[in-house]
Each structure stands twice: as C-alpha cells, then as structure tokens.
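First up is the structure itself, then whatever we jot down about it.
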Amino acid sequence: MTRHLDKSHFEPKLSRRGFIKGCTIAAAALGLSDEMVPRLVEAAASAQKPPVLWLHFQECTGCTEALLRASHPDVGRLILDMISLDYHETVMAPSGNQAEKSFKDTLEKYSGKFICVVEGAVPTKDGGIYCKIGGRTALEIIREAAPKAAAVIAIGTCASYGGVQAASPNPTGAKGAGDVLGMPVVNIPGCPPNPIAFLGTLLHFLTFKRLPELDQIGRPLFAYGRKNHDQCERRAHFDEGRFVEQFGDSNHMKGYCLYKVGCKGPETFANCPAVRFNDVDVWPVSAGHGCVGCTEPNFWDTHSPFYERLPGVKIPGTGGIVHDVDSAGKKILGIAAAAAGIHAAVGIGKRIVKGRGKSDEDV
Amino acid sequence: MTYQSRYAWSVLFRLFHWAFALSIVTLVVTGLYVNSPWTNTVLEGSRSFPMATMRYLHFLAGFIFASAVAVRLYLWLFGNRQEKFWDSAPITPRNIRNLFSTMAYYTYLTDRHETRLGHNALAGTVYLATIVLTLIQLVSGFYMLYPESVFWQKWGVALFETQQQARFIHHLLMWYFIIFAFFHLYIVIWNDIKSPEGLISSIFCGRKFHRSSS
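Residue numbers (the working numbering), protein chains in the order written: chain A, 1 to 363; chain B, 1 to 214.
Now the structure itself:
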C-alpha cells in the first residue's frame, strides 16, 4: 500500500501527468474515445473557469468528502482546478458576512453563467424552517440561486431525491432539488456518489457546452444507464445458482453471489462495478456486502430491510404491522381456502336441509 | 326441461384460456424460484445454470402470458357474442342486474339465476379486474426485463418509480393470480355441480348444455 503514501498526496499543485490522467478517466467514464481526451483537456485547462456555487442543505458532507478524498488524488484536485469554487461552506476560506458576500457577488456577476451544485435535501414543511443558513431558509436560498444558474447539478441522493431525510415519516418534508425547483436538474445520486460521475458531467458540460444525456429521473446515462447486477463480477455465480446463505458462511468466503442476503444490485442503476471507488478498486459487493441501492429514489424505505429481497407488506388499519410478502400471501390464500370450505359446507348443509330435489333443475 | 348443446367458446378463446392458465402456473413456479432460489449449486464448474434456466423459462412463459392477454383483448372487441366485452362487463343495465343476482345466487340467498351462454356479470367483473392487473403485471415485468429500454423506463418510472417498487408490486400481484386461480377453480366446480350445463368441459370442447326455455 506504499503508493498511497505517495508524495503527490501532499503536493498542492496538480501535475500535468495527473491532470491528463484525470481527464482520461473522465473520458473513459463518459464512453468517449481517446481521441476526445485532448478536447476534454482543452476544456478543463481553459483560462475561463466556470464559477461554481456549492449549496449545502440537509446533508452530512459525505459527498464533498468523497470528492475531496477521491483516491486518484488527482480527481478531486482536477475538479477544484478547473472550476472557480466561489462558494462552498466546507472548503472556502471566508466565513460570516464575507461568505455571504461572495455568494451574492457570484449571483450578480455571473448570472446565467455559473454552475449551481446542490448537496443535501431541502426541507419544505412549515415554510422550510428546519434548515437555515445565515438566517435564510434553504428553500429561499435554492429558489434564489438555482434559476439564475447555467446548470443545476444535484450531488448525492439527498439533493437528488431527498435521501435519508425524506425517508418515512419525513418529519421535515424534505425533497430533492428537482422537486423543489420544478425544473430539470442533473441528478448524481449515490451515498456518496462516485466522484467520477460528477467529474464526467462537469467535463461534458465544459467540453460540449451542454449536459450529458439523462435517464427518466435525471441521472446521466453514462454513469446510471445500466444496472449494477448486469455489470457485477459475481454475476456468474448468480446465473449458476451459487449463493451466500448467510454472512460468514463458506460460500461467502468463496465470493459467491449475495442475492439471497438481500443484495439490491438487480434493482439499482449505477456504474459501481465498472468504475469502483477510492483507487483501490472496491465497491460494496467486492468487499462482500450486498449493494443497498443507494442511487435509487426512496431507497431507505423501499430497499429495506437491506438484507432481504423485498420489503414487508404494511397491513392497513393495524398501526404499522408489517408482514413478509410471502407469508402474508400464504395467509390470504389460507383464508380464501377456509372461505371456500365454509361456502361449500353451507351449500351441502342447505341441500341436506332442503332436500336434493330443490336443486337447480326445478327452478 | 330440455337441454341443448350450444357452441359457446371459439377455438381462439379456448387457446387463450389454456395459454393463460398454463403460463400462470409456470410463471408462479419459476417466479417463486427467481425471487427466492431454494437450491444452491455450490459446486463450481458443474455446468448447471439453475437461475439462468428458471429466468429463461419465466421470460418464455411471460411472453406466452402477454400473447394470451393480447388475444383476450382482441376477443373483447372482435370475439363471438359471449366473448365480447359488453356481454359480461358491468356496464349495461342487464349486466348490473345480473351482477347482484349472481352474488345472491352464490351466497345461497336464492336458487334463481339467469341462465347465460357466456360469463355471468360477476365473472365478467372479476375478469375485467384481472386483465387490468395483468397489464400492470406485464408492464412491471417488461420494465424489469428491459431495464435499459427508454420505452419501458417511461412506463416503469411513471407507474412504479424504481425497479425495486416494480419488483414488489410484481410479487404482490403474483399472489393475486394464485388466489384468483384458486377461486376460479372452486367456483367452476361449484357451478358444475349446481347447474349441470357442462361448464368444465366447455373450455375443452367449446360447447355448453344450455337450458332451453321451452
């Protein structure tokens, strides 16, 4: 692991080599041929750095962390190098009034030109009082900034679809940026999302002056166009029916498919198996844990229990009694059989009481 | 009292019925396996592909199921008199009256019931609901089968939002079809005992014994 102690980690300046490497990674993630790398390089090296307003709302800063500590130490640095990050509460130097001033200045000076990145969900209940920055609600801030931006990028599942804040019962009425704004937003979901997806979107925008192609729920197709399951390195075990029965068993040690312990790869659109994380080529499944589907809307509600395939059925009128789907189905079938049995018994009883002659033929 | 043998169900209708019935059985068996594979190959290099095989059979049966539904929809519009939509759907005064009288008949409140060559209105109502649920089942199924197709994504996202929700609804509806099949069999046998018109054999030969009014 000595390479992780490489001195480039501590080098504040991005080397030419690292710069080209970062652009090449982004080109590969976007599915562009290597002939396009010079164009990406040109766009990224342009003297006109697009100003970026980075808004933090209901979030854990994990997305920023994932970006700044991205592996190839160059990716985070490349992003910071090719944009002018005018406002970002975690990494900017100014604070207080000075921070507010740089926010206002960017809005005024670069109206229609800056990129607005949203991290975290926006609470909407009770006028949005559950998230305030500088005395203003998140709702006010995003509604002021986003319509003036050239593009709005929601980074992380919270900003995209509400995330854990929006999980049932959603006490603060948290929503994703797209829902709050009612305008098209590029969603880069994930908990955290892969920095390469963000880098690729940004470079695509800088190079081609337009946003990448999106799927039905606003995710760039280059990163979220395929299911994890269809790119998984354990897929052969799935097809051949070799499964982990429980964590820590011998099948788990042999690296078999995690389908039976609730892996949500078959339900999740992302490129984790292809791009992986943190320069050490890992993602949850390669580390022996199923995918929880963190790039999907409402995954906290619909993908849980995380170690089972399907959520339970809520039985109405019982105040939240939840039942496993198949056992509920079997019980309903049992009730149906009992009902049919009673129905048949009533018919037979009636025939005995009334006598056989009273049947249909005489009606 | 005389009974007349009368032609009720066309060949296409009977083919629909059996394609529908047998595909449902196959879909339930393979679907339960795909959701919760109860085997474990363990041995590597055994050249057996249980999950791939079950999925293949599931998709094959799914296409037969989809074709059967398409045939039923066609027959609703262009089938013979008994097969047409307005002969049994609860949309005409005749059928609404029949819906309630059939319920009374089925709950032993009366022995009197309208003799029909086609479905009674209660059956027509349940079949209507079943076809609607069938369409939902097909959309969720095709959304999962073709996750990358823009067409199915549009439908899938509009109806279910995510793949997981589609899978959940797909699984719940499977239980509807199991329970539907159970009640269908029970009611058919019950009717066959109560009124001897050869209801069960009519789905093989197409002919029913219809009581003539004379």
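Each residue gets a CB set at the ideal place from its N, CA and C atoms; glycine is no exception.
How far does the alpha helix (DSSP H) with TRP190(B) in it extend, from its first residue to its last? 163–194
Would you grab the beta carbon distance between GLY365(A) and THR124(A) for me? Rounded to a whole angstrom, and I think it's under 8 angstroms. Here chain A has residues from 1 to 363 only, and residue 365(A) is not among them.
Anyone know if the C-beta pair for VAL69(B) and THR130(B) falls short of 7 angstroms? no
May I ask you to verify whether the stretch 238–255 of chain A touches the stretch 139–157 of chain B, counting CB pairs closer than 8 angstroms and requiring at least 3? The count of Cβ pairs closer than 8 angstroms, one atom from the stretch 238–255 of chain A and one from the stretch 139–157 of chain B, stays below three, leaving the stretches out of contact.
Extent of the continuous alpha helix (DSSP H) run through ASN97(A): Going by DSSP, ASN97(A) is part of the alpha helix (DSSP H) stretching over 96–109.
Who are the near neighbours of ILE315(A) in its chain, counting only those whose CB is closer than 8 angstroms to its CB and skipping five residues on each side? ILE321, VAL322, HIS323, ALA328
According to DSSP, residues forming a beta bridge with PHE277(A): DSSP lists VAL282(A) as partners of PHE277(A).
Proximal chain B residues relative to ARG309(A), where beta-carbon distance stays under 9 angstroms: Per Cβ cutoff of 9 angstroms: ASN35, SER36, ARG167, HIS171.
Extent of the continuous beta strand (DSSP E) run through ARG211(B): 207–211
Mind checking who GLU148(B) pairs with in its DSSP beta bridge? DSSP output for GLU148(B) lists no bridge partner at all.
By alpha-carbon positions, which one of PHE19(A), ALA340(A), ARG17(A), LEU53(A) ends up nearest to LEU185(B)? ALA340(A)
For ILE25(A), report the span of its beta strand (DSSP E) as first-last. It is not in any beta strand (DSSP E) - ILE25(A) instead sits in the alpha helix (DSSP H) that spans 16–30.
Mind checking if TYR56(B) is an interface residue toward chain A, Cβ cutoff 7 angstroms exclusive? Taking a beta-carbon distance threshold of 7 angstroms, TYR56(B) does not count as an interface residue toward chain A.
Quick one: which chain B residues come within Cβ less than 8 angstroms of LEU333(A)? TRP175, ILE178, ILE179, PHE182
What residues are listed by DSSP as bridge partners for ASN95(B)? None; ASN95(B) has no bridge partner.
At what residue ranges does the stretch 27–57 of chain A contain a whole run of the alpha helix (DSSP H), taking only runs of 4 or more? 37–45
ARG351(A) versus HIS210(B) - alpha carbon distance: The alpha-carbon atoms of ARG351(A) and HIS210(B) are separated by roughly 23 angstroms.
Between which residues of its own chain and THR2(A) is the CB-CB distance below 7 angstroms, once the five residues before and five after are set aside? Because THR2(A) carries a pLDDT of 48, less than 50, the predicted location of this residue cannot be relied on, and no value is offered for it.
For chain A, is any of its Cβ atoms less than 7 angstroms away from the one on MET51(B)? yes
Member of SER202(B), ILE203(B), LEU172(B) whose CA lies at the smallest distance from the CA of GLY312(A): LEU172(B)
According to DSSP, what are the bridge partners of TYR3(B)? ARG211(B)
Contained alpha helix (DSSP H) runs [length at least 4] in the stretch 164–200 of chain A, N- to C-terminal order: With a minimum length of 4 residues, the continuous alpha helix (DSSP H) runs that stay inside the stretch 164–200 of chain A are 177–181.
I want to see whether chain B comes within less than 7 angstroms of LYS350(A), judged by CB atoms only; does it? At a cut-off of 7 angstroms, the C-beta of LYS350(A) has a neighbouring C-beta in chain B.
I need the DSSP call for ASP362(A), collapsed to helix, strand or coil. Low local confidence applies: a pLDDT of 47 at ASP362(A) is under 50, so the model's placement there is unreliable, and no value is given.
I'd like to know whether the C-beta of THR302(A) is nearer than 7 angstroms to at least one C-beta of chain B. Interface residue, yes.
May I ask you to report which of helix, strand or coil DSSP gives LYS331(A)? In this structure, LYS331(A) counts as helix in the three-state DSSP scheme.
Which partner residues of PHE243(A) appear in the DSSP bridge assignment? According to the DSSP secondary-structure assignment, PHE243(A) is paired through a beta bridge with CYS257(A).
Where do the N-terminal and C-terminal ends of the beta strand (DSSP E) with LEU85(A) fall, by residue? Its beta strand (DSSP E) spans residues 84–88.
Using a Cβ-Cβ distance under 7 angstroms, would GLY248(A) count as near chain B? False, the Cβ-Cβ gap to chain B never drops below 7 angstroms.
Starting from VAL42(B), find everything on chain A with Cβ-Cβ shorter than 8 angstroms and list it in chain order. Neighbours of VAL42(B) on chain A, chain order: ARG242, ASN251.
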